[in-house]
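Structure record follows, encoded as structure tokens.
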Amino acid sequence: MKIYDTLQDALVDFVPRKEGEVSLYACGPTVYSHPHLGHARQAMTYDIMRRYLEWIGFDVVHVANITDIDDNIINRALDEGKTETEVAQYWEKVYIEAMDALNILPPNVRPHATDYVAEMIEFITTLVDNGSAYANDSGVYLRVRQVEGYGDLVHRTPDELAEGAGARVEVDDNKEDPLDFALWKAAKPGEPTWDSPWGAGRPGWHIECAAMALDILGDDFDLHGGGNDLVFPHHTNERAEAIAAGRSFSRYWLHNAMLNIGGEKMSKSLGNFDTIKDVLAQDPLNARALRLMLLQTHYRKTLEINDDVMAQAREGVKRLDAMVRKATNNGVDITSTERDAETFTRFREAMDHDFGTPEGMAVVFETVRRANGALDGGDEADQAQALALTAIELANVFGLDVAVGDSADDDDADQIESMVTARNEAKASKDYGEADRIRDELTAMGITLEDTANGTVWHRT
RNA sequence: GCGUCGGUGCCCGAGCGGCCCAAGGGAACGGCCUGCAAAGCCGUACAGUCGCGGGUUCAAAUCCCGCCCGGCGCUCCA
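Written out as structure tokens, the structure is:
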């Protein structure tokens with residue numbers, strides 16, 4: 003399969019470190035506030051990739067960290083009179099609940115930065131010992147200009163980077179060079195600290211991910227992903243640390259584009275974000291609608307979100323569900339292994355081209371249409387089961403959570419069933435006024451009826 | 001300013017040298033089905049400049065150059 007590698011700036015063949023296995027490190031959040039739709043896009047992007055890679059037979063080790071110590075957490079703790087640990091644990095819980103609600107599979111490993119401080123210190127020691135880093139009163143810094151190919155990930159030379167940095171960054175006299183960045187930050191009053199050979203302090207942001215990724219996945223791991231706003235400085239600096247330590251970092255770099263709202267990146271700092279929790283509360287279909295929307299846009303393309311596109315996506319989800327209901331009513335055997343091989347092939351071709359989910363979704367929807375036609379007794383009637391099961395399987399590879407099931411296990415199912423029966427009796431005696439009255443009543447209860455050749459079925463809206 | 005990604009129908013959005021008189025979803029319209037609806041199926045209208053202008057090529061939405069517009073990055077960020 004081909005993937006787009008940020009470092010090479012090209013579509014390249016994906017050759018994993020070890021045949022049949024994929025190691026993926028996707029940068030997780032700093033937990034200090036509400037996770038928003040931008041985090042959802044990032045997490046869902048790698049969730050979808052992971053599901054697909056597993057479906058085509060790879061053993062995937064997906065690592066997503068939790069950054070549980072940083073300035074934002076410290077500030078929040080200060081504001082609220084809590085400990086950093088309390089703040090981080092609370093927001094981590096909120097984050098994980100949001101991820102679960104979005105049907106994002108838990109990563110295989112979810113490391114916490116504070117559990118890897120020893121590894122980070124060891125990493126930094128290597129860098130200091132080999133002359134790549136230097137310590138002073140304010141911390142330990144990496145000598146960026148010594149790093150071969152620093153800036154390659156952003157396609158800029160150190161000089162070009164320095165030029166940009168001058169305008170926005172205060173010059174720090176503690177650094178030999180403005181480009182150098184902190185591996186270790188010396189303790190400030192009131193901050194949580196760890197002991198180190200350079201005095202009490204705490205790790206810098208970039209060393210956290212670099213140390214965790216290498217410790218858990220090992221050198222030369224396959225994929226490193228994150229939002230494209232992390233290319234510089236975060237990923238650039240992680241990479242620099244690994245190179246300076248003489249270690250092979252990720253074989254490929256993946257970056258998802260931003261999610262915009264009102265023409266700008268949704269972000270905490272701009273304050274223009276919709277929290278995942280709020281969006282999910284607005285409509286029970288929104289978790290799946292958001293996923294569908296993301297699937298229908300390539301992960302490397304900026305996506306503008308608004309109420310309109312969410313509504314459109316909800317309709318798409320309903321279309322998927324309607325086919326599944328039709329399949330259920332027509333007695334499709336979910337234990338059957340019948341599938342449409344050609345559809346699988348087309349799906350894989352789409353996905354093997356840098357995770358072409360929009361085209362993959364097109365294949366799914368096209369299969370839904372064919373399955374509907376077949377289930378209604380069209381030209382492909384003999385393929386109905388295979389087509390329906392194929393569409394369902396592929397939608398589920400994407401985590402769209404469609405399932406052949408019955409809605410009869412609800413608490414008020416008996417009542418609804420008897421109302422449906424009453425309506426059908428009214429219909430039989432051509433008392434359409436009564437039939438419509440019952441239907442309206444059900445509609446008010448959030449129940450939608452469908453009169454099919456196999457009788458009347460209902461579902462919740 | 002520098003780097004980078006992008007500008008495709010009413011909306012969202014694929015395609016990235018011929019298979020494109022441009023996928024898929026949403027909305028719209030007509031037909032079938034239905035007691036009527038809904039759902040579904042079939043069909044139709046939408047892209048006549050694929051941001052604009054040049055160029056390369058037998059062939060360009062797709063490649064090259066210039067311009068305009070927008071996103072992201074330039075040390076908080078997914």
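Here the working numbering is used: the first residue of the first sequence is 3, the next is one more, and so on. From the three backbone atoms N, C-alpha and C, an ideal C-beta is built for every residue, glycine too.
Asked: Inter-residue Cα distance where the pair is G168 and E162; Found: Only weak support is given to the placement of G168: the predicted model assigns it a pLDDT of 47, under 50, and the value that follows is read from those uncertain coordinates. G168 and E162: Cα-Cα distance of roughly 10 Å.
Asked: C-alpha gap between D224 and S420, whole angstroms; Found: 57 Å
Asked: Cα-Cα separation between G248 and H237, rounded to whole angstroms; Found: 17 Å
Asked: Reduced DSSP secondary structure (H/G/I, E/B, other) of L282; Found: helix
Asked: Length-filtered (4 minimum) alpha helix (DSSP H) runs lying within the region 202-256; Found: 207-219, 238-246
Asked: Neighbour-count burial assignment, R170, 16 or more Cβ in a 10 Å radius; Found: Caution is warranted here: a pLDDT of 49 is assigned to R170, below 50, making its placement in the model unreliable, and no coordinate value can be reported.
Asked: Best match in T458, D182, Q385, R348 for proximity to L396 [C-alpha to C-alpha]; Found: R348
Asked: 8 Å Cβ cutoff met for Y48 and A28; Found: yes
Asked: Endpoints, the alpha helix (DSSP H) within which N426 is located; Found: 415-430
Asked: Buried/exposed call for A259, threshold 16 Cβ in 10 Å; Found: buried
Asked: For D197, the three-state DSSP class (helix, strand or coil); Found: coil
Asked: R170 (DSSP reduced to helix, strand or coil); Found: Confidence is the limiting factor: at R170 the pLDDT is only 49, short of 50, which leaves the residue's position unreliable, though a coordinate-based value still follows. Three-state result, R170: helix.
Asked: Among T116, I75, A164, nearest to W196 - alpha-carbon criterion; Found: T116
Asked: Where L129 falls, given that 16 or more other Cβ within 10 Å makes a residue buried; Found: buried
Asked: Whole-Å CB distance - L402 paired with R43, under 8 Å assumed; Found: 16 Å between Cβ atoms; not a contact.
Asked: Residue nearest to L297 in terms of C-alpha spacing, selected from A324, F367, T330; Found: F367
Asked: Length of the line joining the Cα atoms of D473 and W57; Found: Any property of residue 473 remains undetermined from this structure, which presents the chain solely from 3 to 463.
Asked: Three-pair Cβ contact test at 8 Å for the region 286-296 versus the region 335-346; Found: no
Asked: At least three beta-carbon pairs within less than 8 Å, the region 322-333 to the region 369-385; Found: yes
Asked: CB of H226 within 8 Å of CB of W186, strictly; Found: no
Asked: Inter-stretch contact at 8 Å, needing at least 3 Cβ pairs: the region 76-90 / the region 142-153; Found: no
Asked: Contact under 8 Å by Cβ, S250 with D217; Found: no
Asked: Per DSSP, the bridge partner or partners of D378; Found: Beta-bridge pairing links D378 to no other residue.
Asked: Cβ-Cβ distance between A283 and A315 below 8 Å; Found: no
Asked: Reference G133; option with closest CA among D139, V149, I123, A213; Found: V149
Asked: With 16 other Cβ atoms within 10 Å as the buried cut-off, status of D285; Found: exposed
Asked: Reference M447, options Q417, N110, V365, Y6, closest by Cα; Found: Q417
Asked: Buried or exposed (CB count within 10 angstroms, at least 16 for buried), S271; Found: exposed
Asked: Through-space distance from E452 to R439, alpha-carbon basis; Found: 15 Å
Asked: Classification of K177 by the beta-carbon crowding that lies within 10 angstroms, buried from 16 upward; Found: buried
Asked: Beta bridge counterpart(s) of K2 as assigned by DSSP; Found: Nothing in the structure corresponds to residue 2, since the chain is present only between 3 and 463.
Asked: Cα-Cα separation between N77 and M312, rounded to whole angstroms; Found: 34 Å
Asked: Proximity below 8 Å, CB of N426 to CB of T454; Found: no
Asked: N-terminal and C-terminal residue of the beta strand (DSSP E) that F183 is part of; Found: 183-188
Asked: Alpha-carbon spacing of D72 relative to A90, whole angstroms; Found: 10 Å
Asked: Residues that DSSP places opposite N258 in a beta bridge; Found: G229
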